[in-house]
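Residue numbers (our numbering), protein chains in the order written: chain G, 1 to 294; chain L, 1001 to 1225.
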Amino acid sequence: MILPTFYHRAFYDLRQDLCAQLITTMVVSLSILIFAFFTLLYFNLQHFVERFGTELGLTIFLTEDTPKDRILSLYQELTELPGVEKVTYISSKEAFGRLENFLKDEKEVLEGVDPEFLPPSFEIQINRAVFQLERIKQLAGEIDKWPEVSKVQFGQEWIDRLYVFSSLARIIVAIAGLLLLFTAAFVVTNTIKLTVYARQEELEIMRLVGATNIFIQGPFLVEAFLQGLLGSSLALGAVFACYRFLQGLEAKSELLRGVNICFIPWHYTVVIIASSVLLCVLGSALAMRRFLRL
Amino acid sequence: MISLESSIIRFKDVSKKYSQDNIVFSGIDLEIEKGEFVFLTGPSGIGKSTMLRILFCAERPTSGEIWVDGVALSSLSNSQVPYLRRKIGVIFQDFKLLSNHTVFDNVALSLEVIGLGKKQAEKRVMQVLEGVGLTGKASRYPLQLSGGEQQRVAIARAVVNRPPIILADEPTGNLDLQRTEEAMMLMEELNARGATIIFATHDERLFEDTHRRVLRLLNGKIEIQ
Ligand SMILES: Nc1ncnc2c1ncn2[C@@H]1O[C@H](COP(=O)(O)OP(=O)(O)OP(=O)(O)O)[C@@H](O)[C@H]1O
Ligand SMILES: [Mg+2]
């Protein structure tokens, strides 16, 4: 019953000083925007590392004495593993051919070497959607236990190095994001404080003619709620537009192809919006407290 | 102690000091009957407004106890104060109008806070505005009015919710002779309908031939005439 009155009065007040409200919303929006960009950066970094890791795939080296008839059944078993997208068999001869190709002009060094000296192997491509790096490590460990398998390789070193680099980068981004979050909280609550202070007289007069604190605060809190909602939605909208733009660039440019840019996961966007709303409402409530004592 | 039942306002040994060398009054004992109309007078800066402010809890006394309508003010929590204030219409010496709201909205505020329906509120506001001669200026803003007109808006807001107690702090300070007469008549009328009124003024003419009690503040004490 009382909520419609709050909305009515909140909108009435909104019309009263639209300018101040717009500025507050802009400040909220910009603060969240900067923070959201860092979040986008963070998730893309994480996404890139995960995907890069999975794209390396697995190479499975077989023992030299693996009977030829086992190969087909091994192939079958590997194909049936969850998350495996494609399995390619590379015989000793093929591996030798690749080596020759690789050496090109210097392939004389291979002269007189038995073309069967390299072990046969399988190359496995992982289904990107299913796999995470942790799962790949686990999978590699499992396959390694098979008797016919001599070694499983998945660019461990590479990935480890990438991980160290990326976790460092992620820590930096996270710290910067956190600092930005504090700055945003500070700026937003202070902007809201200013709008509340500007209406201090109004608050006091309402209190003097017998308005309860809930009655006085209601419209302000509705206002703050709307500012938080609108401000953060605008910011995320802008980040989304930017993301779509980069996606467009990615499709056109050779250099960016394969970066596979991603957006902030949707539940994080919900968290950002909710925190922004909470921040505005709390800031407003705290700023008003001192005028509602007597 | 029979008086407790018929007195709507009671001061017992009330003192107010802002600091050690800024003592406004001390040891005030006072009883005001239900339906009484009393004048509160004394030179400027003597503490008339302070006394009224204590009554509607805008200020707390330094010591002593005050009962309003049987309720001890010291027992009121912050969240109960609004309900006390709805029983008390205050005409502020400095009006305290909302400058970004129209005359109509300013007066309607008193009804809005008690949750009166829009239709009913509108009727009452227009009625009261007519009573103070401001019918044609309902949609103006306070700063578009003269000082006397603003004072009448303040009067209208204080009385629109028909409070049983009215505290008038120099309500005629900015009015000419005719408007003063009209305001006094409005007060008399409200009093005749049962409202208890404390009328603070330093204008001796307003009560020179009255039969009503006059409370005179002097040197931190109160004299009753
Ligand atoms: N917030 C305050 N802090 C300190 N002193 C105050 C405060 N409010 C009022 N006073 C002092 O209390 C005394 C009484 O003030 P008050 O406003 O009650 O006077 P008054 O009788 O209403 O005067 P007037 O007729 O001019 O309206 C004054 O001396 C004033 O300086
Ligand atoms: Mg005064």
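Where a beta carbon is used, it is the ideal one built from N, C-alpha and C, also for glycine.
Interface flag, residue i vs chain G, CB-CB below 8 angstroms
{"i": "L/Val-1014", "result": "no"}
{"i": "L/Pro-1142", "result": "no"}
{"i": "L/Pro-1082", "result": "yes"}
{"i": "L/Asn-1078", "result": "yes"}
{"i": "L/Ser-1110", "result": "yes"}
{"i": "L/Arg-1157", "result": "yes"}
{"i": "L/Arg-1086", "result": "yes"}
{"i": "L/Ala-1058", "result": "yes"}
{"i": "L/Val-1024", "result": "no"}
{"i": "L/Val-1071", "result": "no"}
{"i": "L/Ile-1114", "result": "yes"}
{"i": "L/Val-1090", "result": "yes"}
Beta-carbon separation (whole angstroms), residue i vs residue j, contact threshold 8 angstroms
{"i": "G/Gln-153", "j": "G/Thr-59", "result": "4 angstroms"}
{"i": "L/Val-1014", "j": "L/Ile-1066", "result": "6 angstroms"}
{"i": "L/Pro-1142", "j": "L/Gln-1151", "result": "Incorrect: roughly 11 angstroms between the Cβ atoms, too far for contact."}
{"i": "L/Ile-1166", "j": "L/Gly-1089", "result": "5 angstroms"}
{"i": "G/Phe-122", "j": "G/Thr-88", "result": "7 angstroms"}
{"i": "G/Leu-139", "j": "G/Leu-81", "result": "7 angstroms"}
{"i": "G/Leu-279", "j": "G/Ala-185", "result": "6 angstroms"}
Residue i - DSSP class collapsed to helix/strand/coil
{"i": "L/Gly-1089", "result": "strand"}
{"i": "G/Phe-117", "result": "coil"}
{"i": "G/Phe-263", "result": "coil"}
{"i": "G/Asp-160", "result": "helix"}
{"i": "L/Ser-1079", "result": "coil"}
{"i": "L/Gln-1225", "result": "coil"}
{"i": "G/Val-109", "result": "helix"}
{"i": "G/Gln-153", "result": "strand"}
{"i": "L/Asp-1029", "result": "strand"}
{"i": "L/Gln-1020", "result": "coil"}
{"i": "L/Gly-1045", "result": "coil"}
{"i": "L/Phe-1011", "result": "strand"}
{"i": "G/Asp-144", "result": "helix"}
Residue-chain proximity (residue i, chain L), Cβ-Cβ < 8 angstroms
{"i": "G/Met-288", "result": "no"}
{"i": "G/Thr-24", "result": "no"}
{"i": "G/Ile-192", "result": "no"}
{"i": "G/Glu-223", "result": "no"}
{"i": "G/Ala-20", "result": "no"}
{"i": "G/Thr-212", "result": "yes"}
{"i": "G/Phe-215", "result": "yes"}
{"i": "G/Arg-135", "result": "no"}
{"i": "G/Leu-279", "result": "no"}
{"i": "G/Arg-293", "result": "yes"}
Distance CB(residue i)-CB(residue j) smaller than 8 angstroms
{"i": "G/Arg-180", "j": "G/Phe-35", "result": "It is Leu, not Arg, that sits at residue 180 of chain G in the sequence shown. Against a cut-off of 8 angstroms, the Cβ pair of G/Phe-35 and G/Leu-180 comes out as a contact."}
{"i": "L/Ala-1183", "j": "L/Leu-1190", "result": "no"}
{"i": "L/Ala-1168", "j": "L/Met-1185", "result": "no"}
{"i": "G/Leu-99", "j": "G/Leu-118", "result": "yes"}
{"i": "L/Arg-1124", "j": "L/Leu-1109", "result": "no"}
{"i": "G/Ser-276", "j": "G/Ile-32", "result": "yes"}
{"i": "G/Phe-225", "j": "G/Val-270", "result": "no"}
{"i": "L/Phe-1056", "j": "L/Arg-1085", "result": "yes"}
{"i": "L/Leu-1052", "j": "L/Ala-1195", "result": "no"}
{"i": "L/Val-1107", "j": "L/Leu-1073", "result": "no"}
{"i": "L/Leu-1218", "j": "L/Ile-1224", "result": "no"}
{"i": "G/Gln-247", "j": "G/Ile-261", "result": "yes"}
{"i": "G/Phe-38", "j": "G/Val-173", "result": "yes"}
{"i": "G/Gly-57", "j": "G/Ile-126", "result": "yes"}
{"i": "L/Phe-1104", "j": "L/Ala-1138", "result": "yes"}
{"i": "L/Thr-1039", "j": "L/Arg-1179", "result": "Checking the sequence shown, residue 1039 of chain L turns out to be Phe, not Thr. For L/Phe-1039 and L/Arg-1179, no; Cβs fall outside 8 angstroms."}
{"i": "L/Lys-1016", "j": "L/Thr-1050", "result": "yes"}
{"i": "L/Ser-1006", "j": "L/Glu-1033", "result": "yes"}
N- and C-terminal bounds of the alpha helix (DSSP H) containing residue i
{"i": "L/Leu-1055", "result": "1048-1055"}
{"i": "G/Ile-216", "result": "213-252"}
{"i": "L/Ala-1200", "result": "Premise fails: L/Ala-1200 lies in the beta strand (DSSP E), 1196-1200, not in any alpha helix (DSSP H)."}
{"i": "L/Leu-1129", "result": "1118-1131"}
{"i": "L/Gln-1150", "result": "1147-1159"}
{"i": "L/Asp-1105", "result": "1103-1112"}
{"i": "G/Ser-73", "result": "68-80"}
{"i": "L/Gln-1178", "result": "1177-1192"}
{"i": "G/Phe-102", "result": "92-103"}
{"i": "G/Arg-207", "result": "200-208"}
Range covered by the beta strand (DSSP E) that runs through residue i
{"i": "L/Phe-1037", "result": "1037-1041"}
{"i": "L/Ala-1138", "result": "Run containing L/Ala-1138: none; DSSP gives neither H nor E here."}
{"i": "L/Glu-1065", "result": "1063-1068"}
{"i": "G/Phe-61", "result": "58-62"}
{"i": "L/Arg-1216", "result": "1214-1218"}
Any non-hydrogen atom of ligand 4 closer than 7 angstroms to residue i Cβ
{"i": "L/Ser-1006", "result": "Ligand 4 is not part of this structure, which contains only ligand 1 and ligand 2."}
Per-residue contacts from residue i into chain C (C-beta, under 9 angstroms)
{"i": "L/Lys-1096", "result": "Here chain C cannot be found, since the structure's protein chains are G and L."}
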